[in-house]
Amino acid sequence: MNKYNIILHTTTSCNFDCSYCDVVKDKKQLDSEKLEIFINFIKKNKEQINLVKFFWWEPLLAFKNIKYIIENTANIIWNKYELVTNTSLLNEEICDYLEKYFEIIFFSIDSENFFDYNNIFKLIDKYNLKNKVYFNLIISPWKEAEAYNQFEKIYSSWYKNFNILPVYFTKIWNKDDLSNLSSVMKNILDKSLLDKEINLFWFQKNTGYNSSLTYDALFIDIDYKIYYSDFVSTFLWKKIKDDLYIWNLDNFLIWDDLEDILLKKNNKLDLYEKSITSKIKWQIELHKIMDYFSKYLNIKKWILKD
Ligand code: SF4
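Note that our numbering has the sequence shown beginning at 101, numbered continuously upward.
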């Protein structure tokens, strides 16, 4: 039986205002009176759910709802939760939950927003999060060197899990920035050749983990509707949102043939992605750079596996 990752949008607000951000921030929250709809969905489909991920915007702005969902589903899906957060709202209560219930947590850091290294490192240590936390290292144009400094600072404090994330689908890259990005990628990868414990990945097809299109997930939006892709969150893709709609969450059972349906839909999404990519200057080159370094990373992992 195929299993799916469920990505749940708990809010469409964010307390940051990153210059490269393309998500639609219309400041909605999951209707807490309808949370039972989601919980019933989990109960009905538990055999086919791999994990629940709280992702997009700043999920911790809706921590109360996340808590309620976890308290009512943890014994059904055995604590299989993931979170992506900008870290600004982390506190002891939240970290206690992360320690008890979460498998992987992505702490996103970039060069525009304040990242409280000391406080975050203290919380990671106090709540034994070291092996669960991946630092989402967001690289934006003009700030490539700073991203490498952030990597060094985190690595020198003995944290070794990194997801490298150049900002995609933006027109702000140029040739020089991409050349700087390549240098940063090479430096990070070379460093990881010297230390087997550095764990790197990024959302590109060759890594085998994921791609800029997420193939094995269902996206549940703030209105309790299910979509084929997380692209529905962004301005760039908003116009095809209706086309990516699957079903309302009430009474939805994951169909046996969903895998085939997703495959067909993903082929269609691939075409959308290709057409949008070709319209954004330097986007194809950005993908090529990340593909190149994905191959380099895979070869490195293969060489070092013994
Ligand atoms: S933290 Fe994420 S959602 Fe918030 S403004 Fe930055 S890119 Fe957008």
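Yeah, the Cβ is synthetic: ideal placement off N, Cα and C, and Gly gets one too.
Is N179 buried or exposed, if buried means 16 or more other CB atoms sit within 10 Å of its CB? exposed
Sorted by chain position, which residues of the same chain lie with C-beta nearer than 8 Å to N115's C-beta, five sequence neighbours on each side aside? Correct list, in chain order: E158, L161, N186, S188, L189.
Going by alpha carbons, who is nearest to K144 out of I322, I176, I107, V123? I176
Between which two residues does the alpha helix (DSSP H) containing D326 stretch? In the sequence under discussion, the amino acid at residue 326 is Ile, which differs from the Asp named in the question. Premise fails: I326 lies in the beta strand (DSSP E), 325–327, not in any alpha helix (DSSP H).
Nearest-angstrom beta carbon gap, I264 and L300 [assumed within contact, 8 Å]: About 7 Å; that satisfies the 8 Å criterion.
Please list the terminal residues of the continuous beta strand (DSSP E) segment that includes S375. Not the beta strand (DSSP E): S375 falls in the alpha helix (DSSP H), residues 358–379.
Nearest CA to the CA of L404: which residue from Y372, E297, L336, S394? E297
Any residue with its Cβ nearer than 6 Å to a heavy atom of the ligand SF4 should be included. What is that list in chain order? In chain order, the qualifying residues are C114, F116, D117, C118, C121, V123, W157, E158, N186.
Output needed for F262: all residues of its chain with C-beta closer than 6 Å, excluding positions within five of it in sequence on either side, in chain order. F235, L237, L300
Between the alpha carbons of A174 and Y201, how many angstroms are there, rounded? 7 Å
For K127, does the count of other Cβ atoms within 10 angstroms reach 16, so buried, or fall short, so exposed? exposed
Give a yes or no on contact between the segment 206–224 and the segment 278–287, applying the rule of three or more CB pairs nearer than 8 Å. no
Where Q383 and N172 are concerned, what is the direct C-alpha to C-alpha distance, given to the nearest angstrom? Across the structure, Q383 and N172 are spaced so that their CA atoms are roughly 42 Å apart.
Mind checking Y217: buried by the 16 CB within 10 Å criterion, or exposed? exposed
With Y327 and L344 assumed to form a contact (beta carbons below 8 Å), what rounded beta-carbon distance in angstroms separates them? 5 Å
At which residue ranges does the segment 198–252 contain complete alpha helix (DSSP H) runs of 4 or more residues, listed in the order of the chain? 217–226
Pairwise C-alpha distance: D276 and N102: 44 Å
Separation of V124 from S333, as counted between CA atoms: 6 Å
Kindly give me the distance between the Cβ atoms of F104 and N150, rounded to whole angstroms, as I take these residues to be in contact under 8 Å. Before going on, a small fix: residue 104 reads as Tyr here, not Phe. Sure, about 6 Å apart at Cβ, within 8 Å.
Tell me the rounded alpha-carbon separation between E199 and K167. Spanning the two alpha carbons is a distance of roughly 13 Å.
Which whole-angstrom value is the C-beta distance of E212 and S113, which I expect to be below 8 Å? The pair is not a contact, with the Cβ atoms about 18 Å apart (cut-off 8 Å).
Considering only their Cβ atoms, is the gap separating L397 from W273 smaller than 8 Å? no
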